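Sequential numbering of the sequence shown, starting at 10, is according to my numbering.
C-beta: ideal position from N, C-alpha, C; glycine also.
These numbers come from a predicted model, not from an experiment.
Below is one structure; the comments refer to it alone.
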Amino acid sequence: MAMARGRSRSRSSRKEVASTDSPSPLSAAQLGVDQTYTFKGVSAIGCTQQDKRRFKWVIEQRRYERPRSTPAGGPPFQVQRGERWLDVGAHKGYFALRALAQGASCFCVEAEEHNFETLCRNLLQYSSARQMRALVVPPSMSGGCKPLKVSRKNTRHSLFEVPEGAAYSGETQVVPTSTTLGMILGAHGPFDAVKMNIEGAENDVLATVADWGAVKKLVFEYSFDVWPDLALYDSLVEALTRQGWAVHPEAIPKKFREDGRWDRTVTRANDARLIWCFR
């Protein structure tokens, strides 16, 4: 179910990525030195301040979960024992560790090679964890190697655009496998729930899923710094609703709604919103 294409994408217009780009190694400063974070029996490896903040955000604050209710009077959203989770954009496995510690199973997909290596190390303790290195793309881009844009922040690597803007170094990694969400659901499922964080690729990836199988719960981050046009955001919500999802997003500032556009000069880098869905 494709999204409308005729709308203006101005600053966030998608840039074509050239398959001839070659990867260059991340710097020592970007990679950092291994540290171990622990919270209530959950331990994980990380190496940067971004990792430490992400561990706190995912494990300690449980930001992907809403134990009382989701926005607009929606039902609670929590990891339940026995659930089969798919984590797309798994970073270093922190959400997977949260799910596994709750007695769920988890299949992780991560594109960036250093994140993936750490993810594999973090998940060694769980036999119910599975993982693959792949770039999840819209159906129109699937197949073969694809370049991933490498951000200075290891949580912000993207198929389309990194937050550095004009200061972006041009660094990429060629990811050996690209696939679609529908292909993962069919080949590696069934799954009960999906968590997604793929830095701007969520629009077409989610809107074009033809068959969700057994999936009943979905949570994802929407990247307004990549797609600031609110008409595109509304198109995704409408597409998910047509697929049978009840959509419960975090609130968008009223001024942005009036302007029809996300304003990064106001948010000061807080440019993502979580969306919870049920069916």
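- The alpha-carbon of residue 42 is positioned some 14 Å away from that of residue 126.
- Contact between the region 199-210 and the region 91-102 is present: 3 or more CB-CB pairs across the two stretches fall below 8 Å.
- DSSP lists 286 as the bridge partner or partners of residue 256.
- Pairing residue 113 with residue 142 gives a Cβ-Cβ distance that is not under 8 Å.
- Each of 56, 200, 47 was checked against the Cα of residue 163, and the nearest Cα belongs to 56.
- The residue from 137, 124, 133 with its alpha-carbon nearest to that of residue 111 is 137.
- The region 208-217 makes contact with the region 234-248: 3 or more CB pairs, one atom from each, lie closer than 8 Å.
- Collapsing the DSSP output to three states places residue 89 in coil.
- In the three-state scheme derived from DSSP, where H, G and I count as helix and E and B as strand, residue 261 is classed as coil.
- Contact between residue 80 and residue 258 holds, since their C-beta atoms are separated by about 6 Å, short of 8 Å.
- For residue 135, the three-state secondary structure derived from DSSP is coil.
- Excluding its 5 nearest sequence neighbours in each direction, residue 63 has C-beta neighbours in its own chain below 7 Å: 100, 103, 164, listed in chain order.
- The three-state reading of DSSP puts residue 239 in helix, counting H, G and I together.
- Per DSSP, residue 179 lies in no alpha helix (DSSP H) segment and is marked neither H nor E.
- In this structure, 156 is the residue among 238, 156, 173 with its C-alpha nearest to the C-alpha of residue 184.
- For the pair residue 281 and residue 231, the CB atoms are nearer than the 8 Å cut-off.
- Take the alpha-carbon of residue 153 and the one of residue 180: they are about 19 Å apart.
- For residue 156, DSSP records a beta bridge to 183.
- In this structure residue 182 touches residue 121 by the C-beta definition: roughly 6 Å separates them, less than 8 Å.
- Linking residue 73 to residue 283 through their CA atoms gives a straight-line distance of about 8 Å.
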